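Residue numbers (this note's numbering): 142 to 513.
Given below as structure tokens:
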């Protein structure tokens with residue numbers, strides 16, 4: 142996703158475009174659960190197989206549409222309007238076409254520079270903290286509701302979809318909010334990323350701790366806090382998620398892959414620690430789980446805020462190397478530059494000569510008419 146967005150999303154619109162792209166997954170979550178239940182009871186071919194047939198067919202249909210209208214970049218898109226193409230490419234600092242006569246090839250990915258970059262690790266820490274919070278919400282909250290309150294989220298009908306609806310809404314609100322603050326000059330790009338992270342992780346931490354203090358008969362309050370906690374965490378998409386593209390647009394997909402791999406440790410460790418901290422499933426034990434999660438979220442937001450950057454890193458600026466000798470290439474570049482500078486002068490000379498010749502022809506025709 143990031144590899145594609147880095148070639149399409151103008152810097153001042155990355156927040157909202159990233160939000161729209163990723164928020165769609167939450168719509169899927171809202172629809173899949175109730176539809177799967179209906180298909181299991183009333184679907185064809187015995188019920189449950191129809192779940193796989195339907196969603197598999199939807200996936201194939203999406204692929205077909207994507208192959209028809211999708212493109213790696215604005216330069217390759219067949220139906221994009223010319224003014225939109227020019228706007229995107231200009232905002233990204235790219236040429237409309239690459240007509241360079243010099244043969245080039247991409248250089249090896251600077252893995253050492255990536256793994257020793259403070260801004261990269263700031264994103265990785267934020268990514269890990271965000272995933273830890275997500276796994277706590279997905280795995281811990283249902284167990285807490287069942288152990289402490291005697292509730293089953295999956296049996297609440299439409300209420301079970303509300304956290305995903307809130308998540309969808311806040312992802313888009315956060316992206317739009319961050320982009321507007323940038324466009325109006327209220328905050329710099331970096332401060333917008335920091336603010337989004339502090340709101341997302343700070344808000345989620347507060348809501349989780351508040352859930353832990355709710356009484357056994359405060360079911361409605363717990364559900365409300367659950368919805369708000371899930372929703373407000375969506376602001377992270379305007380934080381560390383889009384920050385990958387800020388610091389290394391051409392390599393954002395690769396670096397995101399590393400971050401995703403490392404953040405999977407949260408999915409491995411979070412359930413283990415939750416099980417270790419809640420042997421009896423008591424309210425006090427779950428409160429400790431929420432405090433641990435809140436601590437990780439706050440620390441993740443603070444580390445990101447202190448060490449993150451919104452500038453393209455030096456190792457990410459030159460994404461290709463020349464295929465022949467550097468000295469020879471530099472000489473060719475200089476010659477091309479000189480010739481390009483001469484072109485306007487040459488064009489002016491040709492134009493001047495043409496005008497003078499036309500004037501002479503007109504004068505000659507005038508003299509002939511006078512003689513006649």
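Ideal placement from N, C-alpha and C gives every residue a C-beta, glycine not left out.
Since this is a predicted model, take the numbers as computed values, not measurements.
Could you tell me the boundaries of the alpha helix (DSSP H) in which residue 345 lies? Position 204 of the chain shown holds residue 345. Here the alpha helix (DSSP H) through residue 345 covers 330 to 353.
Same chain, Cβ closer than 6 Å to residue 440, five either side skipped, listed in chain order: Numbered from 1 along the chain shown, position 299 holds the residue referred to as residue 440. No residues qualify anywhere along the chain.
Close-in-space but distant-in-sequence residues of the same chain around residue 150 (CB under 6 Å, 5 per side omitted): Numbered from its first residue, the chain shown carries residue 150 at position 9. 158, listed in sequence order.
In three-state DSSP terms, what is residue 434? Within the chain shown, the letter at position 293 stands for residue 434. Looking at residue 434 - three-state DSSP - the assignment turns out to be helix.
Beta carbon of residue 282 nearer than 8 Å to that of residue 367: The residue labelled residue 282 in the question sits at position 141 within the chain shown. The residue labelled residue 367 in the question sits at position 226 within the chain shown. Yes, the pair counts as a contact, with Cβ atoms nearer than the cut-off.
Sequence ranges, alpha helix (DSSP H) only - wholly within the segment 178 to 229, length at least 4: Segments of the alpha helix (DSSP H) lying fully in the segment 178 to 229: 189 to 210.
If we call anything under 8 Å between Cβ atoms a contact, is residue 457 one with residue 388? Along the chain shown, read from residue 1 onward, the residue named residue 457 stands at position 316. Along the chain shown, read from residue 1 onward, the residue named residue 388 stands at position 247. Going by C-beta atoms, residue 457 is nearer than 8 Å to residue 388.
Below 8 Å, can you find three or more Cβ-Cβ pairs linking the segment 423 to 431 to the segment 326 to 338? no
Other residues of its chain near residue 360: CB distance less than 8 Å, five sequence neighbours each side excluded: Sequence index remark: in the chain shown, residue 360 carries index 219 (1-based). Cβ within range, chain order: 290, 292.
Are there three or more Cβ pairs, one per stretch, closer than 8 Å when the segment 438 to 454 is compared with the segment 375 to 395? Under the Cβ criterion (8 Å, minimum of three pairs), the segment 438 to 454 counts as touching the segment 375 to 395.
DSSP three-state assignment for residue 287, whether helix, strand or coil: Here residue 287 is taken as the residue at index 146 of the chain shown, counted from 1. In the structure shown, residue 287 sits in a helix (DSSP, three-state: H, G or I).
Restricting to Cα atoms, I'd like to know which of 356, 323, 268 is closest to residue 375. As a first step, residue 375 must be located in the chain shown, where it is residue number 234. Ranking 356, 323, 268 by Cα distance to residue 375 puts 268 first.
Rounded to the nearest angstrom, what separates residue 340 and residue 373 at their Cα positions? By 1-based counting over the chain shown, the position of residue 340 is 199. By 1-based counting over the chain shown, the position of residue 373 is 232. Each residue's alpha carbon lies about 7 Å from the other.
Under 6 Å Cβ to Cβ from residue 305, same chain only, skipping five residues before and after it: list those, please. Counting from 1 along the chain shown, the entry for residue 305 is found at position 164. The residues 167, 170, 171, in chain order, have a CB closer than 6 Å to that of residue 305 in the same chain once the five nearest residues on each side in sequence are set aside.
For a minimum of 4 consecutive residues, which ranges assigned as the alpha helix (DSSP H) are wholly contained in the segment 253 to 279? Within the segment 253 to 279, the runs of alpha helix (DSSP H) that reach at least 4 residues and sit entirely inside it are, in chain order, 259 to 276.
Helix, strand or coil, according to DSSP, for residue 379 in the structure here? For this step, residue 379 is matched to residue 238 along the chain shown. Residue state, collapsed to three classes: helix.
Are residue 312 and residue 164 touching if we call contact CB-CB under 8 Å? As a working note, residue 312 is residue 171 in the chain shown. As a working note, residue 164 is residue 23 in the chain shown. The answer is yes: Cβ separation under 8 Å.
Neighbourhood of residue 146 by C-beta, 8 Å cutoff - its chain only, sequence neighbours within 5 removed: Against the chain shown, residue 146 aligns to sequence position 5. If we look at residue 146 and ignore the five residues flanking it on each side, its Cβ neighbours are 155, 158, 159, 162, 386, 393.
Rounded to the nearest angstrom, what separates residue 259 and residue 218 at their Cα positions? Position 118 of the chain shown, counted from the first residue, corresponds to residue 259. Position 77 of the chain shown, counted from the first residue, corresponds to residue 218. Those two C-alpha atoms are separated by around 36 Å.
How about residue 362: is its Cβ closer than 7 Å to a heavy atom in the ligand MN? This structure does not include the ligand MN; it has no bound ligands of any sort.
Is the beta carbon of residue 277 closer than 8 Å to that of residue 434? Position 293 of the chain shown, counted from the first residue, corresponds to residue 434. Position 136 of the chain shown, counted from the first residue, corresponds to residue 277. A contact, by the Cβ cut-off of 8 Å.
Three-state secondary structure assigned by DSSP to residue 417: Taking the chain shown and counting its residues from 1, one reaches residue 417 at position 276. Three-state DSSP puts residue 417 in a helix.
Quick check on residue 235: does DSSP put it in helix, strand or coil? The residue you call residue 235 lines up with position 94 of the chain shown. DSSP places residue 235 in coil when its eight states are reduced to three.
Sequence-distant residues of the same chain with beta carbon closer than 8 Å to residue 213, five excluded per side: In the chain shown, counting from the first residue as 1, residue 213 sits at position 72. 145, 148.
Whole angstroms is fine: what's the gap from residue 446's alpha carbon to residue 264's? One-based indexing of the chain shown puts residue 446 at position 305. One-based indexing of the chain shown puts residue 264 at position 123. If you take the alpha carbons of residue 446 and residue 264, they lie about 10 Å apart.
Report all residues from its chain with a CB closer than 6 Å to the CB of residue 484; omit the five preceding and five following residues, and keep chain order. Translated into the one-based positions of the chain shown, residue 484 becomes position 343. Reliability of the predicted coordinates at residue 484 is poor, the pLDDT of 48 falling under 50, and the value obtained from them is presented with this limitation in mind. None.
Contacting residues, own chain, Cβ-Cβ under 6 Å from residue 285 (five flanking each side not counted): On the chain shown, position 144 is the one that residue 285 refers to. Counting only Cβ-Cβ distances below 6 Å, and skipping sequence neighbours, we find 427.
Among the residues of its own chain, which have a CB less than 6 Å from the CB of residue 271, if the five just before and after it don't count? To locate residue 271, count along the chain shown from 1; it is residue 130. Closer than 6 Å at Cβ, skipping near neighbours: 377.
Does the Cβ of residue 402 have 16 or more other Cβ atoms within 10 Å, making it buried, or fewer, making it exposed? If you number the chain shown from 1, residue 402 lands on position 261. The residue in question, residue 402, is exposed, as its Cβ has fewer than 16 Cβ neighbours within 10 Å.
By how many angstroms is the C-alpha of residue 235 removed from the C-alpha of residue 431? Working through the chain shown from its first residue, we reach residue 431 at position 290. Working through the chain shown from its first residue, we reach residue 235 at position 94. Near 47 Å, if we compare the C-alpha coordinates of residue 235 and residue 431.
Start and end residues, alpha helix (DSSP H) containing residue 456: As a working mapping, residue 456 is identified with position 315 in the chain shown. Taken as a continuous stretch (DSSP letters only), the alpha helix (DSSP H) holding residue 456 covers 455 to 458.
Given a cut-off of 8 Å, decide if residue 255 and residue 383 are closer than it, judged by their beta-carbon atoms. Here residue 383 is taken as the residue at index 242 of the chain shown, counted from 1. Here residue 255 is taken as the residue at index 114 of the chain shown, counted from 1. Not a contact, by the Cβ cut-off of 8 Å.
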